[in-house]
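Under my numbering, residue 434 is the last one in the sequence shown; the count climbs by one each step, no gaps.
Virtual Cβ for every residue (Gly too), placed ideally from N, Cα, C.
Note that the coordinates shown come from a computational prediction; the quantities given were computed from them, not determined experimentally.
Here's the structure, in structure tokens; my notes come after.
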Amino acid sequence: MTTTGVADHEAAGGPWWWGRRRSAVFDVGLGVVSGAECAAEGVAFAGRAGVPVAVGVVIGVLAGSVLVLRRRWPIAVVLVSIAVTPANMGFLLTVVGLYTLAASEVPRRITAALAGMSLAGTMIVTFVRSRQDMAQGNLELGEWFVPFIAVTASLGVTAPPLLLGLYVGARRRLMESLRERADSLERELQLLAERAEERAEWARNEERTRIAREMHDVVAHRVSLMVVHAAALQAVARKDPEMAVRNAALVGDMGRQALTELREMLGVLRTGEAVRSGVQAPLAVVGEAAAAAASRARVEEGPGPCLADLEELLGQSRSAGMAVVLSVDGVPGSYPAEVEQTAYRVIQEGLTNVHKHASGAKTYVRVAHRGGEVAMQVENEPPPEGVGDEARLPSGGNGLVGMKERVGALGGVFVSGPTDAGGFRVSAVIPARG
């Protein structure tokens, strides 16, 4: 089965093979006109062939009405038009049939062969009829006129519908190709939008996780020290007023530091909220705004803590009564900011765990610079015998998990667990390049 290029039948289409109802009405109208034409020409054919007029009319009606099938079987329509060419009938049948054949999806070699047969048949019939008319004296022209009129008539009947059909078929195929490309682009854009939304959701989750880790690092360590100093302040308030004043000052300093770092975190959150408020904007605009906001947030956060700040960090723990010993091996190198900050946070988390779970235990902090990597370890001895569970601070269990995620994101290794002596050890190795 071949069609004239109608690829998609509409839901409310026409009957049988027609895609639309008006196409069926149009083809039936063409069949009626062609049948009438062939019936009229069948009268002359019956006179020349010596058969009853009714036979000629019936042959003409049957041949002309075949045009109704042009969209379904264009090859059959052209073959019928070629068959009735010797009877000098089917002009409309030939023209419309060739046009439909050229505009359809029939292979071009078949179209060329049938068009050549129609051209040759029309040329032969026109030549023979012209010679007969000249022999009967109906035409008084030179011998040159017979081949001229035969070639002209055959080309006039065959070439225009053939070329027009080829043009319409090519244009229809081009439009279908453009529609397919438009549909494909629409599907790709929809897929890209879905992937962009997935990436945006993933970025939001990553940002929330990062902020949660930063909040934990800031709040847990500072508040743990504040609780330790507050306990010491309560113990010495009456016995040693001067030490109580020093502890109160330390608590105030740590509270102010914690508030400063919390403000930085809240500033990042407010920036992210401003980006999310533009959800109704185009996707590209929101993406650019998110990138700009992330850049501004990083600038506002500053470089963050680094290994050079370890002495200050250990001094805060010492001021809270912890015995901390620091040992550094190797020559410090130039590390990226994220490596230095992660190493600092690992040591900070280790000290925070000691404050929470082993208050008063002696702690060893070791840092080793090995050229291609930096290693750190925080190990504490068992807490003193007088310290019970009531001295321990509450813990959510997220600190070590967050440190493992931080170190793993930089391609490092993080290990934590109890020691054989009854203490606890936190260690990590981070590549120097992150």
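Sequence-distant residues of the same chain with beta carbon closer than 7 Å to residue 41, five excluded per side:
The count along the sequence shown starts at 1 and reaches residue 41 at position 41. 60, 88 and 89, listed in sequence order.
Pull up the distance between the alpha-carbon of residue 250 and that of residue 419, whole angstroms please.
Locating residue 250 in the sequence shown gives position 250, where the first residue counts as 1. Locating residue 419 in the sequence shown gives position 419, where the first residue counts as 1. For residue 250 and residue 419, the distance between alpha carbons rounds to 32 Å.
Residue range of the beta strand (DSSP E) that residue 366 falls in?
In the sequence shown, residue 366 corresponds to position 366, counting from 1. It spans 363-369 - the beta strand (DSSP E) in which residue 366 sits, taken as one unbroken run.
How do the region 366-382 and the region 238-257 stand: do at least 3 beta-carbon pairs fall below 8 Å, yes or no?
no
Which listed residue (18, 361, 76 and 100) has its alpha carbon closest to that of residue 166
If you number the sequence shown from 1, residue 166 lands on position 166. Closest option to residue 166, Cα to Cα, is 100.
Pick out whichever of 374, 347, 186 and 348 has its Cα sitting closest to the Cα of residue 332.
What you label residue 332 is simply residue 332 of the sequence shown in a count that begins at 1. Relative to residue 332, the option among 374, 347, 186 and 348 whose CA is nearest is 374.
Does the count of Cβ pairs from the region 330-345 and the region 305-314 closer than 8 Å reach three?
yes
Taking a contact to mean a Cβ-Cβ separation below 8 Å, would you say residue 228 touches residue 355 in this structure?
Position 228 of the sequence shown, counting from 1, holds the residue named residue 228. Position 355 of the sequence shown, counting from 1, holds the residue named residue 355. For the pair residue 228 and residue 355, the CB atoms are nearer than the 8 Å cut-off.
Helix, strand or coil for residue 323? Go by DSSP, reduced to three states.
Taking the first residue of the sequence shown as 1, we reach residue 323 at position 323. Three-state DSSP puts residue 323 in coil, outside helix and strand.
Please identify the residue among 206, 257 and 97 whose C-alpha is closest to the C-alpha of residue 226.
Counting from one through the sequence shown, the residue named residue 226 turns up at place 226. With distances taken between Cα atoms, residue 226 lies closest to 257.
For residue 149 and residue 118, believed in contact at Cβ under 8 Å, the rounded distance
Here residue 118 refers to the residue found at position 118 of the sequence shown. Here residue 149 refers to the residue found at position 149 of the sequence shown. Between residue 149 and residue 118 the Cβ distance is about 17 Å, and since that is not below 8 Å, they are no contact.
Please go through the same chain and pick out, in chain order, the residues whose beta-carbon is closer than 7 Å to the beta-carbon of residue 98, but skip the five residues on each side of it.
One-based indexing of the sequence shown puts residue 98 at position 98. Closer than 7 Å at the Cβ level, and outside the excluded window around residue 98, lie 78, 115, 118, 158, 161, 162 and 165.
Throw me the rounded Cβ distance for the residue 75 and residue 106 pair, which I believe falls under 8 Å.
In the sequence shown, counting from the first residue as 1, residue 75 sits at position 75. In the sequence shown, counting from the first residue as 1, residue 106 sits at position 106. That pair is a contact at about 6 Å.
Ordered along the chain, which non-local residues of its own chain (more than five positions away) have a Cβ less than 7 Å from that of residue 51?
Here residue 51 refers to the residue found at position 51 when the sequence shown is read from its first residue. Answer for residue 51: no residue qualifies.
Interface flag, residue 165 vs chain B, CB-CB below 8 Å:
The structure shown has no chain B; it contains just one protein chain.
Is it buried or exposed for residue 405, if we count other Cβ within 10 angstroms and need 16 for buried?
One-based indexing of the sequence shown puts residue 405 at position 405. With fewer than 16 other Cβ atoms within 10 Å, it is exposed.
In its own chain, which residues sit with a C-beta less than 7 Å from the C-beta of residue 154, not counting the 5 before and 5 after it?
In the sequence shown, the residue the question calls residue 154 occupies position 154. Cβ within range, chain order: 119, 122, 123 and 126.
Could you name the residues of the same chain whose beta carbon sits closer than 6 Å to that of residue 427, not counting the 5 residues immediately before and after it, in chain order?
In the sequence shown, counting from the first residue as 1, residue 427 sits at position 427. 377 and 415, listed in sequence order.
Could you work out which residue in 44, 197 and 211 is closest to residue 483 when comparing CA atoms only?
With the chain represented from 1 up to 434, any question about residue 483 goes unanswered, as that position is not in the structure.
Is the CB-CB distance between residue 363 and residue 224 below 8 Å?
Numbered from its first residue, the sequence shown carries residue 363 at position 363. Numbered from its first residue, the sequence shown carries residue 224 at position 224. No. Outside cutoff.
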